[in-house]
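Student: Dropping a structure here in structure tokens format, bear with me for questions.
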């Protein structure tokens with residue numbers, strides 16, 4: 410199974426989660442009565458001529474906007490990519506409805522995608538691109554609410570591929586953020602568990618948004634630290650996360666190695682299987698750590714897989 414952990418660094422140790430829980434500020438759309446963008450979350454539609462999609466530019470996009478995620482039971486790309494060409498007006502109308510779209514083409518060509526981008530660039534911007542400047546133009550909520558569109562023009566096919574190599578990670582990060590914002594908004598359309606939220610605040614001094622259906626499975630608190638495990642088990646899905654905190658932790662102590670060791674010690678103590686089994690990180694598989702800012706504190710996000718360990722008597 411997959412795990413993801415977030416550790417803010419500071420005098421108080423923050424969250425250790427089975428699945429990443431992030432807090433986002435939602436931006437309102439007062440007076441915008443357009444329909445919301447459509448399509449599955451986690452999918453990006455790439456509007457590009459087929460010759461570039463199957464060539465160097467398409468490969469650079471796949472590698473940098475939707476790289477492989479190795480910390481899953483079966484590796485898959487960060488986003489599912491769907492390719493379209495602007496073959497007719499009907500296709501363009503379909504594109505205008507979608508959530509995540511990249512429209513890319515070299516300006517040296519005469520494809521429909523090139524014509525589309527030329528019509529939307531000023532003379533000054535077009536000349537800058539032709540002179541070799543890279544351009545990744547973000548267009549939030551262009552045709553629908555809750556939508557993110559990117560225009561990616563370049564002077565030549567080679568320059569288009571290079572643009573994705575240089576700025577593809579930035580595009581990926583933006584799509585990641587807007588996708589998580591939408592998922593958070595959808596997640597709490599149903600009633601939240603305010604009673605559980607109040608319990609966490611009163612007992613532990615921290616607050617998290619708790620989705621309908623979650624229950625507290627373990628709540629262990631002593632003078633200097635606390636551990637809370639929450640679960641949501643439905644007919645076909647199962648979600649769970651836990652939070653561990655401790656007082657007066659030295660920020661320099663929090664390293665990727667410390668995170669893995671602490672997580673294993675907590676799951677061995679609190680997340681046990683049948684008989685004598687317990688949950689442990691699968692060190693045989695890929696582990697990833699990334700530095701980030703979480704609730705205005707410097708920390709780490711750790712990703713990997715876990716499995717049930719059954720001790721064998723010797």
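Numbering (the working numbering), first residue to last: 410 to 723.
Note that the Cβ used here is the ideal one computed from N, Cα and C, for glycine as well.
Quick caveat, the model's predicted, so the values are computed rather than measured.
#1: Would you mind sorting residue 644 into buried or exposed? The rule is 16 or more other CB atoms within 10 Å of its CB.
#2: Thinking C-beta only, is residue 583 closer than 8 Å to residue 531?
#3: In whole angstroms, what separates the C-alpha of residue 538 from that of residue 545?
#4: Within the chosen definition, does the stretch 476-486 reach the stretch 586-599 through at least 3 CB pairs nearer than 8 Å?
#5: Answer with buried or exposed for residue 652, where buried requires no fewer than 16 other C-beta atoms within 10 angstroms of its C-beta.
#6: Over what stretch of residues does the beta strand (DSSP E) that includes residue 515 continue unbroken?
#7: Identify the residues that DSSP records as bridge partners of residue 477: which are they?
#8: Hey, residue 668 and residue 604 are a contact pair by Cβ (cut 8 Å); roughly how many whole angstroms apart?
#9: List, from N- to C-terminal side, the beta strand (DSSP E) runs of 3 residues or more that fit wholly inside the stretch 486-574.
#10: Compare the Cα-Cα distances from residue 516 to each of 457, 481 and 619 and report the closest residue.
#11: Cβ atoms of residue 559 and residue 511: under 8 Å apart, would you say?
#12: Taking only three categories from DSSP, how would you classify residue 685?
#13: Who are the Cβ neighbours of residue 768 in its own chain at under 6 Å, not counting the five residues just before and after it?
#14: Can you tell me where the alpha helix (DSSP H) holding residue 669 begins and where it ends?
#15: What number of angstroms, rounded off, separates the C-alpha of residue 713 from the C-alpha of residue 601?
#16: Does residue 541 pass the burial test, meaning 16 or more other C-beta atoms within 10 Å, or should it be called exposed?
#17: Could you give the DSSP three-state label for residue 617: helix, strand or coil?
#18: With a CB to CB cut of under 7 Å and the five nearest residues on each side skipped, what residues in its chain are close to residue 445?
#19: Going along the chain, which unbroken runs of the beta strand (DSSP E) with 3 or more residues stay wholly within the stretch 443-478?
#20: Per DSSP, what are the beta-bridge partners of residue 622 in this structure?
#21: Going along the chain, which residues of its own chain have a beta-carbon closer than 6 Å to the beta-carbon of residue 716, five neighbours each way excluded?
#22: How long is the line joining the alpha carbons of residue 634 and residue 613, rounded to whole angstroms?
#23: Could you check where the beta strand (DSSP E) with residue 602 kicks off and where it finishes?
#24: Taking buried to mean at least 16 other C-beta atoms within 10 Å of its own C-beta, is residue 577 buried or exposed?
Tutor: Per the coordinate set shown:
#1: By the 10 Å Cβ count, residue 644 comes out exposed.
#2: no
#3: 10 Å
#4: no
#5: buried
#6: 509-515
#7: 486
#8: Not really, about 31 Å apart at Cβ, beyond 8 Å.
#9: 489-493, 509-515, 546-549 and 557-563
#10: 457
#11: yes
#12: coil
#13: Coverage of the chain is limited to positions 410 through 723, which leaves residue 768 absent and any answer about it impossible.
#14: Judged by DSSP secondary structure, residue 669 falls within the alpha helix (DSSP H) whose first and last residues are 665-679.
#15: Taking the straight line joining both Cα atoms gives about 29 Å.
#16: exposed
#17: coil
#18: 553, 554 and 555
#19: 452-456
#20: Answer is none; residue 622 lacks a bridge partner.
#21: 691
#22: C-alpha of residue 634 to C-alpha of residue 613: approximately 9 Å in a straight line.
#23: Neither: residue 602 is in no beta strand (DSSP E) and is coded neither H nor E.
#24: buried
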